[in-house]
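Numbered according to UniProt numbering, the sequence shown spans residues 1 to 280.
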Amino acid sequence: MKKFFDFCLEMEFFFKVTISCLIMQQIFYWLLHDIELNFISQVLLYWFVSSVSFYSIGFFIEKVIKNNETLKDKLTVRLKKVRKQPFPDFTIKGIMVGEIKSFITALIILYLAPEVTRGNSLLLNFGWFLSRIIIADLCFYVSHWLLHRKLLQKIHLKHHEFADSSSFVAGHKSLTEYIIVTITDLLPIFIFGYDITQLCAWTVVGNAYNLEGHSSLSIFFIPSDFHDLHHTCFQGNYGIQGFWDRVFNTLNVPTKKIGIMFPVASVEEYITIKSSSNID
């Protein structure tokens, strides 16, 4: 029964991402369907959406949610205490370098990936997003696992300067790792092609679960200590979440967050309590 609920929790993540992307895609379609965008316009839009969503979601987590002690305590399930670390300050130079990398990434992705116009079919978009998150998780797992092998480990060490984690650690990586991650992100787009409304939706939701995954909080997508355990142990939990780690036997089991945002864990707890009371 436990394995069944573990599988359901991992499927819950895939469906959360898919449905969130579908909702965002509908918003972008409503805003853009009457506007004809050329290549440069698409690049600028994709870059703008990516940058604005990254900083706005990250600052909301760090400055709003984490400054509310009641909310912070409610959303964390971290069990393993780690040494508190000061995180790098934002500098004009750092932001500019980050934005240049982000713009070049958008340029490369939209130049190389095949554009496919899918209209506004909910079924097609649902299938695209669900397939994309499952394949993206696998691609990330493989590249992340490789970055922890001795040959490539030095490339990844900058990201692991922090045992204690914070949302913006998600973007703290070497240039070489950034390129590897960009190539990894390209693979699913090459497989499925892209529609600009889908791509914009994907980058907003992708930033949300990536920032949450590094935040040490369980807000909506991922148990708070899934990636914490990766940073503190420097091994295991190589995927975005636990599905592929379970498949390849590299899972450090995270603490399940109970609540309305994590319904599978709540159902499992209810059934466990019910079963225990029946036995007694």
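From the three backbone atoms N, C-alpha and C, an ideal C-beta is built for every residue, glycine too.
What residue range is occupied by the uninterrupted alpha helix (DSSP H) comprising residue i?
| i | result |
| --- | --- |
| VAL77 | Here VAL77 belongs to no alpha helix (DSSP H), and DSSP marks it neither H nor E. |
| residue 281 | Beyond the ends of the chain as shown, which are 1 and 280, falls residue 281; an answer cannot be given. |
| LEU44 | 39-59 |
| LYS3 | 2-32 |
| HIS231 | 225-233 |
To the nearest angstrom, how far is the alpha carbon of residue i from that of residue j?
| i | j | result |
| --- | --- | --- |
| SER56 | LYS93 | 19 Å |
| PHE129 | SER41 | 23 Å |
| THR117 | ASP195 | 6 Å |
| PRO114 | ASN120 | 18 Å |
| THR203 | VAL49 | 7 Å |
| LEU138 | LYS72 | 31 Å |
| PHE66 | ILE100 | Here residue 66 turns out to be Lys, not Phe, going by the sequence shown. For LYS66 and ILE100, the distance between alpha carbons rounds to 29 Å. |
| ILE191 | SER51 | 25 Å |
| THR70 | PHE13 | 25 Å |
| MET11 | LEU175 | 32 Å |
| TYR29 | GLU268 | 37 Å |
| ILE155 | PHE226 | 22 Å |
| LEU45 | LYS150 | 38 Å |
| PHE15 | SER215 | 21 Å |
| TYR229 | ASN252 | The sequence given here has Leu at residue 229, not Tyr. LEU229 and ASN252: Cα-Cα distance of roughly 7 Å. |
| PRO188 | PHE140 | 10 Å |
| MET261 | ILE219 | 7 Å |
| ILE95 | LEU124 | 36 Å |
| PHE7 | ASN249 | 14 Å |
| HIS160 | LEU217 | 18 Å |
| THR105 | LYS2 | 41 Å |
| LEU32 | GLN26 | 10 Å |
| ALA208 | TYR178 | 18 Å |
| PHE168 | PHE54 | 9 Å |
| VAL247 | SER143 | 16 Å |
Tell me residue i's beta-bridge partners as DSSP assigns them.
| i | result |
| --- | --- |
| GLY239 | The partner list for GLY239 (beta bridge, DSSP) is empty, contrary to what the question assumes. |
| PHE262 | GLY259 |
| TYR194 | GLU115 |
Exposed or buried, which one is residue i when buried takes at least 16 other CB atoms within 10 Å?
| i | result |
| --- | --- |
| ASN38 | exposed |
| LYS256 | buried |
| LYS173 | buried |
| PRO254 | buried |
| ILE133 | buried |
| SER20 | buried |
| ASN237 | buried |
| LYS274 | exposed |
| VAL17 | buried |
| residue 319 | This structure leaves residue 319 out entirely; the chain is present only between 1 and 280. |
| PRO263 | exposed |
| TYR111 | exposed |
| GLU36 | exposed |
| GLN241 | buried |
| CYS233 | exposed |
| THR76 | buried |
| LEU199 | buried |
| GLY259 | exposed |
| VAL43 | buried |
| ILE109 | buried |
| ASN68 | exposed |
| ILE61 | buried |
| LEU157 | exposed |
Next item on the list: Go through the segment 82-130 residue by residue and report every complete run of the alpha helix (DSSP H) that reaches 4 residues or more, in order.
Entry: 92-112
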